[in-house]
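Enquirer:
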Amino acid sequence: MEDNDMPINTDDKETLKELRDITKDKGKWKRNIEFVGDILDENYSNSVKAKALWLLGEMGLNYPNEIEEYLSDIVGYLEDDDSKLRERSVNALGRIGRADKNLIVSYMDKLMKMRYDESENVRHAFIWACENIATNAPELFCEKLDIFYEMISDSGEKVRIEAPEMFRVIGKQNPEWVNPYLEKLENIAENDENSIVRIHSEGAIRITKRALKEREQY
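Per numbering that gives the first Met the number 0, the very first residue in the sequence shown carries number 0; after that it's consecutive.
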(Lines of atoms letter the chains of each structure in order from A and count residues from 1; the text may use other names and numbers.)
(Lines give C-alpha, C1' and ligand atoms only; values in the text may rest on other atoms or scores of the structure.)
Protein backbone atom coordinates (compact mmCIF):
# COMPACT_ATOMS: atom_id res chain seq x y z
CA MET A 1 0.00 0.00 0.00
CA GLU A 2 2.96 2.30 -0.32
CA ASP A 3 2.64 5.23 -2.67
CA ASN A 4 4.46 8.45 -3.42
CA ASP A 5 1.60 10.76 -4.25
CA MET A 6 2.40 13.46 -1.68
CA PRO A 7 4.26 16.64 -2.63
CA ILE A 8 7.97 16.50 -1.76
CA ASN A 9 9.41 19.32 0.29
CA THR A 10 12.67 20.38 -1.41
CA ASP A 11 14.49 20.63 1.93
CA ASP A 12 13.61 17.02 2.72
CA LYS A 13 14.66 15.43 -0.55
CA GLU A 14 17.87 14.01 0.88
CA THR A 15 16.10 12.38 3.81
CA LEU A 16 13.46 10.99 1.49
CA LYS A 17 16.19 9.55 -0.70
CA GLU A 18 17.78 7.90 2.34
CA LEU A 19 14.44 6.38 3.31
CA ARG A 20 13.95 5.02 -0.18
CA ASP A 21 17.44 3.54 -0.19
CA ILE A 22 16.77 1.85 3.14
CA THR A 23 13.43 0.55 1.90
CA LYS A 24 15.07 -1.16 -1.06
CA ASP A 25 17.65 -2.99 1.07
CA LYS A 26 16.15 -5.08 3.87
CA GLY A 27 19.67 -5.75 5.10
CA LYS A 28 19.73 -2.14 6.31
CA TRP A 29 16.41 -2.24 8.12
CA LYS A 30 17.36 -3.37 11.60
CA ARG A 31 20.28 -0.99 12.07
CA ASN A 32 18.24 1.97 10.74
CA ILE A 33 15.14 1.59 12.91
CA GLU A 34 16.29 4.35 15.26
CA PHE A 35 17.01 6.72 12.35
CA VAL A 36 13.57 6.12 10.84
CA GLY A 37 11.75 6.22 14.18
CA ASP A 38 13.34 9.51 15.18
CA ILE A 39 11.91 11.17 12.05
CA LEU A 40 8.46 11.07 13.65
CA ASP A 41 9.64 13.49 16.36
CA GLU A 42 11.53 15.85 14.07
CA ASN A 43 10.46 18.81 11.95
CA TYR A 44 10.20 16.99 8.64
CA SER A 45 7.55 17.46 5.98
CA ASN A 46 4.49 15.26 5.98
CA SER A 47 5.82 13.51 2.87
CA VAL A 48 8.88 12.33 4.79
CA LYS A 49 6.88 11.37 7.86
CA ALA A 50 4.44 9.40 5.73
CA LYS A 51 7.31 7.45 4.21
CA ALA A 52 8.80 6.86 7.65
CA LEU A 53 5.50 5.57 9.02
CA TRP A 54 5.12 3.15 6.15
CA LEU A 55 8.71 1.93 6.54
CA LEU A 56 8.35 1.50 10.31
CA GLY A 57 5.37 -0.74 9.66
CA GLU A 58 7.38 -2.93 7.31
CA MET A 59 10.30 -2.95 9.74
CA GLY A 60 7.89 -3.86 12.52
CA LEU A 61 6.67 -6.87 10.59
CA ASN A 62 10.25 -8.16 10.60
CA TYR A 63 11.54 -6.72 13.89
CA PRO A 64 8.51 -6.10 16.13
CA ASN A 65 10.44 -5.92 19.39
CA GLU A 66 12.80 -3.25 18.07
CA ILE A 67 9.83 -1.16 16.93
CA GLU A 68 8.04 -1.21 20.28
CA GLU A 69 9.60 1.98 21.61
CA TYR A 70 8.20 3.94 18.65
CA LEU A 71 4.65 2.61 18.94
CA SER A 72 3.31 5.55 20.95
CA ASP A 73 4.65 7.94 18.32
CA ILE A 74 3.07 5.89 15.54
CA VAL A 75 -0.26 5.77 17.37
CA GLY A 76 -0.14 9.52 17.88
CA TYR A 77 -0.49 10.03 14.14
CA LEU A 78 -3.91 8.38 14.20
CA GLU A 79 -5.19 11.81 15.24
CA ASP A 80 -3.11 13.91 12.84
CA ASP A 81 -4.84 16.53 10.70
CA ASP A 82 -3.20 15.09 7.59
CA SER A 83 -5.21 12.11 6.32
CA LYS A 84 -2.14 10.54 4.69
CA LEU A 85 -0.37 10.40 8.03
CA ARG A 86 -3.45 8.86 9.66
CA GLU A 87 -3.54 6.32 6.85
CA ARG A 88 0.13 5.44 7.23
CA SER A 89 -0.23 5.14 11.01
CA VAL A 90 -3.05 2.66 10.54
CA ASN A 91 -0.99 0.73 7.98
CA ALA A 92 1.95 0.52 10.37
CA LEU A 93 -0.15 -0.78 13.25
CA GLY A 94 -1.52 -3.47 10.97
CA ARG A 95 1.91 -4.72 9.99
CA ILE A 96 3.31 -4.57 13.52
CA GLY A 97 0.21 -6.28 14.87
CA ARG A 98 0.57 -9.01 12.29
CA ALA A 99 4.00 -9.77 13.72
CA ASP A 100 3.02 -9.51 17.39
CA LYS A 101 -0.54 -8.83 18.51
CA ASN A 102 0.64 -8.12 22.04
CA LEU A 103 2.34 -4.94 20.88
CA ILE A 104 -0.86 -3.39 19.54
CA VAL A 105 -3.63 -4.93 21.62
CA SER A 106 -3.70 -1.98 24.04
CA TYR A 107 -4.28 0.31 21.05
CA MET A 108 -7.11 -1.71 19.52
CA ASP A 109 -9.84 0.67 20.69
CA LYS A 110 -8.10 3.58 18.98
CA LEU A 111 -7.54 1.54 15.85
CA MET A 112 -11.18 0.45 15.67
CA LYS A 113 -12.31 4.07 15.78
CA MET A 114 -10.55 4.68 12.47
CA ARG A 115 -13.46 3.03 10.68
CA TYR A 116 -15.29 6.32 11.21
CA ASP A 117 -12.55 8.47 9.64
CA GLU A 118 -13.74 11.03 7.10
CA SER A 119 -11.10 9.89 4.62
CA GLU A 120 -11.96 6.93 2.40
CA ASN A 121 -8.26 6.05 2.20
CA VAL A 122 -8.01 5.85 5.98
CA ARG A 123 -11.11 3.65 6.22
CA HIS A 124 -9.67 1.43 3.51
CA ALA A 125 -6.36 1.25 5.38
CA PHE A 126 -8.28 0.33 8.53
CA ILE A 127 -9.72 -2.79 6.91
CA TRP A 128 -6.37 -3.72 5.40
CA ALA A 129 -4.66 -3.32 8.77
CA CYS A 130 -7.28 -5.46 10.49
CA GLU A 131 -6.79 -8.17 7.87
CA ASN A 132 -3.07 -8.13 8.64
CA ILE A 133 -3.65 -8.45 12.37
CA ALA A 134 -6.35 -11.10 11.91
CA THR A 135 -3.99 -13.25 9.86
CA ASN A 136 -2.24 -14.32 13.07
CA ALA A 137 -4.70 -13.13 15.71
CA PRO A 138 -8.25 -13.73 14.42
CA GLU A 139 -9.56 -13.94 17.98
CA LEU A 140 -9.28 -10.16 18.27
CA PHE A 141 -12.11 -9.83 15.75
CA CYS A 142 -14.48 -12.66 16.61
CA GLU A 143 -17.02 -10.22 18.03
CA LYS A 144 -16.30 -7.42 15.56
CA LEU A 145 -17.42 -8.88 12.24
CA ASP A 146 -20.58 -6.75 12.19
CA ILE A 147 -18.29 -3.77 11.64
CA PHE A 148 -16.90 -5.21 8.42
CA TYR A 149 -20.29 -6.34 7.18
CA GLU A 150 -21.58 -2.78 7.61
CA MET A 151 -18.55 -1.43 5.75
CA ILE A 152 -19.58 -3.34 2.64
CA SER A 153 -22.17 -0.55 2.37
CA ASP A 154 -19.63 2.24 2.91
CA SER A 155 -19.86 5.38 0.78
CA GLY A 156 -16.33 4.78 -0.52
CA GLU A 157 -15.85 2.28 -3.32
CA LYS A 158 -12.38 1.19 -2.16
CA VAL A 159 -13.76 0.49 1.30
CA ARG A 160 -16.65 -1.55 -0.09
CA ILE A 161 -14.28 -3.60 -2.23
CA GLU A 162 -11.94 -4.37 0.68
CA ALA A 163 -14.51 -5.13 3.38
CA PRO A 164 -15.47 -8.67 2.20
CA GLU A 165 -11.79 -9.63 2.32
CA MET A 166 -11.94 -9.58 6.11
CA PHE A 167 -14.45 -12.42 5.96
CA ARG A 168 -12.07 -14.37 3.71
CA VAL A 169 -9.21 -13.94 6.21
CA ILE A 170 -11.35 -14.95 9.18
CA GLY A 171 -13.27 -17.64 7.30
CA LYS A 172 -10.11 -19.48 6.34
CA GLN A 173 -9.10 -19.92 9.99
CA ASN A 174 -12.34 -19.69 11.95
CA PRO A 175 -15.18 -20.45 9.52
CA GLU A 176 -17.69 -20.87 12.34
CA TRP A 177 -17.44 -17.13 13.02
CA VAL A 178 -18.25 -16.27 9.41
CA ASN A 179 -20.95 -18.92 9.01
CA PRO A 180 -23.73 -16.64 10.36
CA TYR A 181 -22.87 -14.12 7.62
CA LEU A 182 -22.88 -16.52 4.68
CA GLU A 183 -26.46 -15.86 3.63
CA LYS A 184 -25.90 -12.11 3.72
CA LEU A 185 -22.65 -12.46 1.79
CA GLU A 186 -24.37 -14.63 -0.79
CA ASN A 187 -26.95 -11.92 -1.34
CA ILE A 188 -24.16 -9.38 -1.86
CA ALA A 189 -22.29 -11.76 -4.16
CA GLU A 190 -25.36 -12.11 -6.33
CA ASN A 191 -26.75 -8.59 -6.29
CA ASP A 192 -24.16 -5.93 -5.50
CA GLU A 193 -23.73 -3.34 -8.23
CA ASN A 194 -19.94 -3.48 -7.97
CA SER A 195 -18.39 -6.49 -9.71
CA ILE A 196 -15.30 -6.58 -7.47
CA VAL A 197 -17.43 -6.47 -4.32
CA ARG A 198 -19.32 -9.45 -5.75
CA ILE A 199 -16.07 -11.28 -6.56
CA HIS A 200 -14.56 -10.66 -3.12
CA SER A 201 -17.79 -11.75 -1.43
CA GLU A 202 -17.81 -14.92 -3.51
CA GLY A 203 -14.21 -15.57 -2.49
CA ALA A 204 -15.03 -15.18 1.19
CA ILE A 205 -17.96 -17.57 0.85
CA ARG A 206 -15.90 -20.16 -1.01
CA ILE A 207 -13.01 -20.08 1.47
CA THR A 208 -15.37 -20.27 4.46
CA LYS A 209 -17.42 -23.16 3.08
CA ARG A 210 -14.26 -25.07 2.23
CA ALA A 211 -12.93 -24.59 5.76
CA LEU A 212 -16.27 -25.68 7.24
CA LYS A 213 -16.26 -28.81 5.09
CA GLU A 214 -12.71 -29.65 6.12
CA ARG A 215 -13.64 -29.35 9.78
CA GLU A 216 -16.57 -31.70 9.30
CA GLN A 217 -14.16 -34.35 8.05
CA TYR A 218 -12.22 -34.40 11.32
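Beta carbons: idealized from backbone N, C-alpha and C, even for Gly. Just so you know, these numbers come straight off a predicted model, no measurement behind them.
(1) Since F166 is in the alpha helix (DSSP H), which residue starts that stretch and which ends it?
(2) Alpha helix (DSSP H) containing S71: first to last residue?
(3) Skipping 5 residues on each side, what residues in its chain have a beta carbon closer than 8 Å to that of E201?
(4) Would you please state the rounded distance, in angstroms, between the beta carbons of L54 and T14? I believe it to be under 8 Å.
(5) Suppose the cutoff is 8 Å on Cβ atoms and the five residues either side in sequence are ignored; what does the same chain contact list for D99 look like?
(6) Helix, strand or coil, according to DSSP, for Y115 in the structure here?
(7) Do the CB positions of T134 and V177 come within less than 8 Å of each other?
(8) Just how far apart, CA to CA, sit R85 and S46?
(9) Using the three-state DSSP reduction, which class does S224 fall into: helix, strand or coil?
(10) Rounded to whole angstroms, what's the CA-CA distance from D37 to P174? Just pull it up for me.
(11) Thinking C-beta only, is A49 closer than 8 Å to L18?
(12) Rounded to whole angstroms, how far is the Cβ of L102 from the Cβ of G96, which I believe are closer than 8 Å?
(13) Closer than 7 Å by C-beta to G170: which residues in its own chain qualify, once you throw out the five before and the five after it? Chain order, please.
(14) Given a threshold of 16 other Cβ atoms within 10 Å of its Cβ, counted over all protein chains shown, does G26 qualify as buried or as exposed?
(15) Is the separation between the beta-carbon of I146 and that of V196 shorter than 8 Å?
(16) Determine whether the beta carbon atoms of I198 and E161 lie at a separation below 8 Å.
(17) Indicate the three-state DSSP secondary structure (helix, strand or coil) for A136 in the structure shown.
(18) Determine the direct distance from the alpha carbon of M111 to that of A124, and round the result to whole angstroms.
Expert: For this structure:
(1) Residue range 156 to 172 is occupied by the alpha helix (DSSP H) that includes F166.
(2) 70 to 75
(3) Excluding sequence neighbours, E201 sits near A188.
(4) Actually they are not in contact, since the Cβ atoms of L54 and T14 sit about 12 Å apart, beyond 8 Å.
(5) P63, N64
(6) Judged by DSSP in its simplified three-state form, Y115 adopts helix.
(7) no
(8) 12 Å
(9) Examination of residue 224 is not possible in this model, given that the chain is present from 0 through 217 alone.
(10) The straight-line gap from Cα to Cα measures roughly 42 Å.
(11) no
(12) 7 Å
(13) V177, A203, I206, T207, A210
(14) It counts as exposed.
(15) no
(16) no
(17) coil
(18) 11 Å
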